[in-house]
Amino acid sequence: LRSELGNFERLSLVGQMAAGITHEIRNPMAVVRGFLQLMREKSPESLNHYYRIVMEELDRANGIINDFLSLAQNRIVEKEQCHLHDIIRELTPLLWADANLRGQTIELKLEDHVTMLHLNPKEMKQLLLNLSRNAMEAMGEKGVLTISTHEEGDFVEMEVKDTGPGIPQKQLEKLFQPFYTTKTKGTGLGLALCQSIVERHHGTIAVDSVEGMGTQFKVRLRRTVPTYRDHSEFPVMNSIQK
Ligand code: ADP
Ligand code: MG
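Now the structure itself:
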């Protein structure tokens, strides 16, 4: 079968299988979750601790299934005109809470010029969340996570920078491979998903890392609507007048 299928057909077959399998797994998980909740209401408080762990692990498994599904399906997503900064700002309370627990800080450096982009807000949040989570997980206490944006010609660049230990040169090439992880509880799906999200937005993602200094992920997205600026911003043009 393998040799008879082109790359595209094979990919969509994997996507369909993934959708089917994940659906079949999600159903029993939802049932287990529901019954656990019922059991919890009827059992002594001393068991609460165990219930919490079981629930957390169920939710974690569900998260893995979701990530795997978005990766395997590589579907076409609906995009709309959004302001990138709105997306970043909507996500920051969540990131702040996480950073606070770890004794880390977050800095936003958002450039005023950055305008509307054609994107899928849910996916863009997922992208930013994955990159930020990785950054926070890599850094120790007092670490600083910086999220910045700026214009670069027809592109908008979003950078997620950390003050963590950095990534050894040899590991850099494997980073975006699905299931590549150096963490005991990692899935290795986070960056693979980031890459497929960026591809669905016709952008690029690159990583820059210096061992002992930190890591920086750069996402480049094309601007769809050019901004027409006031001529006064171009002193050269004004001085050409005779
Ligand atoms: P996971 O987080 O589940 O391990 P990811 O795909 O998100 O999977 O990341 C893959 C690997 O890349 C991580 O296990 C880690 O080794 C490395 N990595 C990603 N981001 C960073 C970072 N900011 N600093 C150091 N290492 C990183
Ligand atoms: Mg991750």
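Going by full-length UniProt numbering, the first residue of the sequence shown is number 338, and it counts up by one from there.
Even for Gly, the Cβ is constructed at its ideal location relative to N, Cα and C.
Which of helix, strand or coil DSSP assigns to residue 286: The shown model of the chain, from 338 to 579, leaves out residue 286, and the question about it has no answer.
Alpha-carbon to alpha-carbon, valine 369 and valine 481: For valine 481 and valine 369, the distance between alpha carbons rounds to 39 Å.
Proline 572 classed as buried or exposed, judged by whether at least 16 other C-beta atoms fall within 10 angstroms: Reliability of the predicted coordinates at proline 572 is poor, the pLDDT of 39 falling under 50, and no value is obtained from them.
Any non-hydrogen atom of the ligand ADP closer than 7 Å to leucine 512 Cβ: Yes, since a heavy atom of the ligand ADP falls inside the 7 Å radius drawn around the Cβ of leucine 512.
Beta bridge counterpart(s) of phenylalanine 554 as assigned by DSSP: Val497 and Val544
Exposure label - methionine 376; buried when at least 16 CB within 10 Å: The residue is exposed, with fewer than 16 neighbouring Cβ atoms inside 10 Å.
DSSP beta-bridge partners of methionine 453: Bridge pairing for methionine 453: His420 [DSSP].
DSSP state of phenylalanine 516 mapped onto helix, strand, coil: Reduced to three states, the DSSP call for phenylalanine 516 is coil.
Distance, methionine 473 Cα to glutamate 488 Cα: 26 Å
Closer than 7 Å: glycine 400 CB and nearest the ligand MG heavy atom: no
Cα-Cα separation between glycine 501 and leucine 526, rounded to whole angstroms: 20 Å
Cβ shell of threonine 524 (< 6 Å), same chain only, five flanking positions each side left out: Ile401
Same chain only: Cβ atoms within 7 Å of proline 505, ignoring 5 sequence neighbours per side: Glu548
Proximal residues to leucine 421 (C-beta, below 7 Å), its chain only, five neighbours per side dropped: Closer than 7 Å at the Cβ level, and outside the excluded window around leucine 421, lie Val451, Leu454, Thr486, Val493 and Met495.
Rounded separation between aspartate 491 and serine 407 - CA only: 28 Å
Nearest neighbour of lysine 511, chosen from Glu448, Ala543 and His539 [CA to CA]: Ala543
Close Cβ partners of cysteine 560 (< 7 Å) along its chain, the five nearest in sequence each way excluded: As written in the sequence, residue 560 is arginine, which differs from the cysteine given in the question. Taken in chain order, the residues that qualify are Thr452, Leu454, Asp491, Phe492 and Val493.
Bridge-paired residues (DSSP) for arginine 559: Phe492
Own chain residues within Cβ distance below 7 Å of lysine 540, not counting five before or after: According to the sequence provided, residue 540 is glycine. The question's lysine does not apply to it. For glycine 540, where only same-chain residues beyond five positions count, the Cβ hits under 7 Å are Val556, Arg557, Leu558 and Arg559.
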